[in-house]
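Undergrad: From first to last, the protein sequence lines are chains B and L.
Here the first sequence stands for residues 1 to 323, where the numbers follow the UniProt record's numbering.
Here the second sequence stands for residues 1 to 323, where the numbers follow the UniProt record's numbering.
Number of protein chains: 2
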Amino acid sequence: MKIIVTGGAGFLGSRVIRALLAGAGRQDGLPGFDAIVSVDLSPCPVEDPRVASVAGDIADPGFVRQVVGADTAGIYHLAAVLSGGSEADFDLAMRVNLDGTRALLEAARAAGTVPRFVFTSSLAVFGGPMPKVVPESLATMPASTYGAQKAIGELLVNDYSRKGFVDGRVCRLPTISVRPGRPNSAASSFASGIIREPLAGIPADCPVPLDTRMWLSSPGAAVANLVHAMAVEGGRIGPWRTLNLPGLCVTVGEMLASLERVGGSGARALVREAPDRRIMDIVCSWPGAFDTSRAAALGFVGDSDFDSVVRQYRDEFSGVRTA
Amino acid sequence: MKIIVTGGAGFLGSRVIRALLAGAGRQDGLPGFDAIVSVDLSPCPVEDPRVASVAGDIADPGFVRQVVGADTAGIYHLAAVLSGGSEADFDLAMRVNLDGTRALLEAARAAGTVPRFVFTSSLAVFGGPMPKVVPESLATMPASTYGAQKAIGELLVNDYSRKGFVDGRVCRLPTISVRPGRPNSAASSFASGIIREPLAGIPADCPVPLDTRMWLSSPGAAVANLVHAMAVEGGRIGPWRTLNLPGLCVTVGEMLASLERVGGSGARALVREAPDRRIMDIVCSWPGAFDTSRAAALGFVGDSDFDSVVRQYRDEFSGVRTA
Numbered sequence: 001m002k003i004i005v006t007g008g009a010g011f012l013g014s015r016v017i018r019a020l021l022a023g024a025g026r027q028d029g030l031p032g033f034d035a036i037v038s039v040d041l042s043p044c045p046v047e048d049p050r051v052a053s054v055a056g057d058i059a060d061p062g063f064v065r066q067v068v069g070a071d072t073a074g075i076y077h078l079a080a081v082l083s084g085g086s087e088a089d090f091d092l093a094m095r096v097n098l099d100g101t102r103a104l105l106e107a108a109r110a111a112g113t114v115p116r117f118v119f120t121s122s123l124a125v126f127g128g129p130m131p132k133v134v135p136e137s138l139a140t141m142p143a144s145t146y147g148a149q150k151a152i153g154e155l156l157v158n159d160y161s162r163k164g165f166v167d168g169r170v171c172r173l174p175t176i177s178v179r180p181g182r183p184n185s186a187a188s189s190f191a192s193g194i195i196r197e198p199l200a201g202i203p204a205d206c207p208v209p210l211d212t213r214m215w216l217s218s219p220g221a222a223v224a225n226l227v228h229a230m231a232v233e234g235g236r237i238g239p240w241r242t243l244n245l246p247g248l249c250v251t252v253g254e255m256l257a258s259l260e261r262v263g264g265s266g267a268r269a270l271v272r273e274a275p276d277r278r279i280m281d282i283v284c285s286w287p288g289a290f291d292t293s294r295a296a297a298l299g300f301v302g303d304s305d306f307d308s309v310v311r312q313y314r315d316e317f318s319g320v321r322t323a
Numbered sequence: 001m002k003i004i005v006t007g008g009a010g011f012l013g014s015r016v017i018r019a020l021l022a023g024a025g026r027q028d029g030l031p032g033f034d035a036i037v038s039v040d041l042s043p044c045p046v047e048d049p050r051v052a053s054v055a056g057d058i059a060d061p062g063f064v065r066q067v068v069g070a071d072t073a074g075i076y077h078l079a080a081v082l083s084g085g086s087e088a089d090f091d092l093a094m095r096v097n098l099d100g101t102r103a104l105l106e107a108a109r110a111a112g113t114v115p116r117f118v119f120t121s122s123l124a125v126f127g128g129p130m131p132k133v134v135p136e137s138l139a140t141m142p143a144s145t146y147g148a149q150k151a152i153g154e155l156l157v158n159d160y161s162r163k164g165f166v167d168g169r170v171c172r173l174p175t176i177s178v179r180p181g182r183p184n185s186a187a188s189s190f191a192s193g194i195i196r197e198p199l200a201g202i203p204a205d206c207p208v209p210l211d212t213r214m215w216l217s218s219p220g221a222a223v224a225n226l227v228h229a230m231a232v233e234g235g236r237i238g239p240w241r242t243l244n245l246p247g248l249c250v251t252v253g254e255m256l257a258s259l260e261r262v263g264g265s266g267a268r269a270l271v272r273e274a275p276d277r278r279i280m281d282i283v284c285s286w287p288g289a290f291d292t293s294r295a296a297a298l299g300f301v302g303d304s305d306f307d308s309v310v311r312q313y314r315d316e317f318s319g320v321r322t323a
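#1: Taking a Cβ distance cut-off of 8 Å, strictly less, list which residues of the segment 130-148 of chain B are near chain L, in chain order.
#2: Shortest alpha-carbon distance to L:Leu138 belongs to which of B:Glu254, B:Ala143 and B:Met130?
#3: Spell out a yes or no on whether the segment 218-232 of chain B and the segment 170-185 of chain B are touching, meaning 3 or more CB-CB pairs, one atom from each, closer than 8 Å.
#4: Considering just the uninterrupted stretch of the beta strand (DSSP E) at L:Leu120, what are its terminal residues?
#5: Going by C-alpha to C-alpha distance, which of L:Val310, L:Val208, L:Trp286 and L:Gly266 sits closest to L:Ala274?
#6: I'd like to check one pair, L:Gly74 with L:Val232: are the Cβ atoms closer than 8 Å?
#7: Applying the 10 Å Cβ sphere with the 16-neighbour rule, what's the burial state of L:Gly235?
#8: Looking at chain L, is there any beta carbon in it that lies within less than 8 Å of the beta carbon of B:Ala187?
#9: Within 10 angstroms of the Cβ of B:Ser304, are there 16 or more other Cβ atoms? Answer buried if so, exposed if not.
#10: By the DSSP assignment, the beta strand (DSSP E) with B:Asp167 in it spans what residues?
#11: Could you tell me the distance, in whole angstroms, from the CA atom of L:Phe306 to the CA atom of L:Phe317?
#12: Is the separation between the beta-carbon of L:Ser42 and that of L:Ala9 shorter than 8 Å?
#13: Tell whether a beta-carbon distance below 8 Å holds between L:Cys206 and L:Ile195.
#14: Hey, out of B:Glu106, B:Pro142 and B:Ile4, whose CA is closest to B:Thr72's CA?
#15: Would B:Lys150 be called buried (16 or more neighbouring beta carbons within 10 Å of its own) or exposed?
#16: Which of the three DSSP states is assigned to B:Val54 in this structure?
#17: Quick one: list the residues of chain L neighbouring B:Gly128, beta-carbon separation under 8 Å, in chain order.
#18: Return helix, strand or coil for L:Gly263, following the three-state DSSP convention.
#19: Can you find at least 3 beta carbon pairs, one from the segment 93-112 of chain B and one from the segment 46-54 of chain B, that sit closer than 8 Å?
#20: My parser needs the beta strand (DSSP E) runs of 3 or more residues fully inside the segment 74-143 of chain B; what are they?
#21: When Cβ atoms are compared, which residues of the segment 154-166 of chain B fall closer than 8 Å to chain L?
#22: Should B:Ile17 be flagged as near chain L, meaning a C-beta pair shorter than 8 Å?
#23: What are the residues that DSSP puts in a beta bridge with B:Lys2?
#24: Using the rule of at least 16 other Cβ atoms within 10 Å of the residue's Cβ for burial, across every protein chain shown, is B:Lys2 buried or exposed?
#25: From B:Val64 to B:Leu104, what does the alpha carbon distance come to, in whole angstroms?
#26: Can you confirm whether L:Ile152, when its beta carbon is compared against all beta carbons of chain B, has any partner nearer than 8 Å?
#27: With DSSP as the reference, label B:Ser217 as helix, strand or coil.
#28: Under 8 Å, do B:Val46 and B:Ala108 count as touching if we go by C-beta distance?
#29: Within 8 Å (strictly less), CB to CB, does L:Phe306 reach chain B?
#30: What does L:Phe90 touch in chain B if you count any residue whose Cβ is under 7 Å from its own?
#31: Could you spell out the range, first to last residue, of the alpha helix (DSSP H) harbouring L:Leu20?
#32: Using the Cβ count rule (16 or more neighbours within 10 Å means buried), how would you classify B:Ser38?
#33: What residue from B:Ala186, B:Asn184 and B:Leu248 has the CA that sits closest to B:Trp215's CA?
#34: With DSSP as the reference, identify every bridge partner of L:Ala271, one or two as the case may be.
#35: Got a sec? Which residues, its chain only, sit under 6 Å from B:Phe33 by beta carbon, not counting five neighbours each side?
#36: For a test of the three-state rule: what should DSSP assign to B:Val252, helix, strand or coil?
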């Protein structure tokens, strides 16, 4: 049996694949598998005989059905055009984010194995007036195309699960920070940039006000939770499959204070306030904190504090030791 | 300029067309038009030189684009596979309710006129645990395929409106009662049947418990509100275009008491309790009352009480005068 990971060449996807390989046969509840298929535009960077890479158009039902067969035990659907990119190219976003998700669900249904189907959603499904802490009963009123398409994906995964076509799990991920590497097309890309670049001695622009509340997860916590999402038994989740995953609620100012404590005042001084209306319109419409009690009861866990997150990044990736 | 009505041959559609023709040039705010195009599988029953009927597949983008041109001032999208039918034929429902709505929105976008776009949604978008009165901020957790697809349509109309492609208005209609004519494939069809058949001396089955709360609108109030939805200025609605329309909250037992008061005890005695799990699973997942204050502030109006609704039906349609 196999597990499919769309976006398997990406940041989260490749880490999920590594974690699955490490946990196979050891992590309780994970479905048995002997192969992982990464579906992405570029090859998966994980070198392991159990990992195969397939390149193709996820919105092409024929291609997707060819990839997903009767030997599919689980699917991670991580591939997406991100928030900034979706706002810039509506048609591409509709094709990848909506048609792609639907093609994958249809292929999973056709496989007949009722595979576990982990779909990553986002706080971008919310917008408009919002309580200080977002409960799972809050209406999705997205203020971006990306958010609208993630909200639609949530509904599709839930209905396909209700019908018994797949065994779905919708994970509303916090914004991931600190991501290594280069900026991406997400409007929230700065949430990594304002930590990552200064730790490498590079100036960074902060496009939102310092009192903007962010809902964050370290890459490590996000990956562990995505593996857990595949391992947890569907019956324990209940009929509604959408979960607010754990995160940290911190302001951008608090993030920069963590940067200063971990990276020193020189690093902090490299961050310049440069308000950007396009970014603010998207990011400031997102909630800053969520009620994650249902996820916690199901065994999902979050980070302890943002200082540790910055330290974790510095120790793993940056090689900078200034504090 | 023209107004397009999908489902224009149907119960609500044909009445909306009659009301538009009556209000043209007289109802404040209605966009100017000199033609109405009904898009439906059968011809629109309204005989008027301004009404043209077009038959075709609403999920075929080419067909829909041919119908919607640069002379389109407004669109009513009423056509749908209903709740019972959607539960029975998932693929047909996906095609008509999801692909059809998307094809229509795309054609409206291509028209370039930013037409007013009235989309009828439903209380079926709700499910799961629910407060006694549903606020507009409640999450859509549909327990039916029809509800999931209506919730997706709501998101699409909102995002197409936010992008400036259409000027959308999403009307969450109550269950319409009393509908004349024959039962339809909606799971809520009984909400008309238990009044309509007894008034005509015909026995009727009641498939849900008598304490089931129903959220109802007379056909007259629903049609008046749909015309108003086209007439109200978009700027007044605000960025989020989904509205809970006014309704009456009554239990099935109270509906039958109204039947008895208006139609006599003989009519009441014709209703037999016949629990139907398939109907209950859908209808009992719907909310019984909504907060409609935003719609009320925008000038939408509801019925005063269910006795009047039954009397209105009896006087207009049934010809029965037993009380």
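Ideal placement from N, C-alpha and C gives every residue a C-beta, glycine not left out.
All figures in this text were calculated on a predicted structure; none of them were measured in a lab.
TA: In this structure, then:
#1: Glu136, Ser137, Leu138, Ala139, Thr140, Met141, Pro142, Ala143, Thr145 and Ala148
#2: B:Met130
#3: yes
#4: Reading the sequence as shown, one finds Thr at residue 120 of chain L and not Leu. Taken as a continuous stretch (DSSP letters only), the beta strand (DSSP E) holding L:Thr120 covers Arg116 to Ser122.
#5: L:Val208
#6: no
#7: exposed
#8: no
#9: exposed
#10: Asp167 to Leu173
#11: 16 Å
#12: yes
#13: no
#14: B:Ile4
#15: buried
#16: strand
#17: Pro239 and Trp240
#18: helix
#19: no
#20: 116-122
#21: Leu155, Leu156, Asn158, Asp159, Arg162 and Lys163
#22: no
#23: B:Ala35 and B:Thr72
#24: buried
#25: 6 Å
#26: yes
#27: strand
#28: no
#29: no
#30: Lys163
#31: Phe11 to Gly23
#32: buried
#33: B:Leu248
#34: Sequence check: residue 271 of chain L is Val here, not Ala. In the DSSP output, where bridge partners are listed per residue, L:Val271 has L:Ala204.
#35: Met1, Lys2, Ile3 and Ala73
#36: helix
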